[in-house]
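Chains as they are written, first to last, in the working numbering: chain A, 50 to 164; chain B, 185 to 300. Heads up, the beta-carbon is just placed ideally off N, CA and C, and yes, glycines get one too.
Right, here's the structure in full:
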């Protein structure tokens, strides 16, 4: 079946602009995660949505970052007033409801470059 | 705190050699989960294997095998008879319970290059 999809694949923006990154999870998966991969920091957890529960936002690096999930499916990660240090690959993953730790399946990522 | 250490930054081997990728983890959780992912040059993280802390049985899948040892907090991954297509970055990850349920903690990855 279809895997996790993300759009856009690549995004180039100017410092100070806002960007929106989209994630479509695997059908039937109720948990959705965002991670960031950068050369300096490796793979970092950002935020996690589990069903109808309040999301775990503890990994968001600043209040410029926010995410929402509409209808328990598609998620959008928004970065406001982008900075050059936001340049990274943003990865989305999904899994079945993790009553216990379920395997996360990743999308291809969005490569963000802030000029 | 949850932590994963992959001490090997880069490994180069010649095709058909066996190679072992090391992973050491730290956690205070009594129940936890360990994963290996592969990231080929295309960039997508591909799931390889998952192990639960209460299941120390080692596993072999084709040319891949995993050695989970709680006594040394290690979860090593061996590729037998490596092939050029195995060239990728391999990540070890740790998932816990409690307040950190859901998130994965990744090591920094090991870049494996297999030369023909």
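At a cut-off of 7 Å between C-beta atoms, residue 278 of chain B does not count as an interface residue with respect to chain A. Listed as beta-bridge partners of residue 141 of chain A by DSSP are A:83. Counting along the chain, residue 91 of chain A sits inside the beta strand (DSSP E) bounded by residues 91-99. Chain-ordered, the chain B residues with CB closer than 8 Å to the CB of residue 152 of chain A read 219, 231 and 234.
In the DSSP assignment, residue 162 of chain A falls within the unbroken beta strand (DSSP E) covering 159-163. For the pair residue 296 of chain B and residue 186 of chain B, the CB atoms are not nearer than the 7 Å cut-off. DSSP, reduced to helix, strand and coil, places residue 196 of chain B within a strand of the structure shown. When rounded, the separation of the alpha-carbon atoms in residue 224 of chain B and residue 246 of chain B is 19 Å. As the crow flies, the alpha-carbon of residue 204 of chain B is around 16 Å from that of residue 292 of chain B. Contact note: residue 259 of chain B does not reach chain A at a C-beta cutoff of 9 Å; the least C-beta distance is about 14 Å. Using a Cβ-Cβ cut-off of 7 Å, residue 110 of chain A is close to nothing in chain B; its nearest Cβ partner there is about 14 Å away.
Contact between the segment 283-292 of chain B and the segment 233-242 of chain B is not established, with fewer than three Cβ pairs separated by less than 8 Å. When only Cα atoms are considered, residue 75 of chain A and residue 264 of chain B end up about 32 Å apart. Against chain B, the beta carbon of residue 137 of chain A has no neighbour under 9 Å; the closest one sits roughly 12 Å away.
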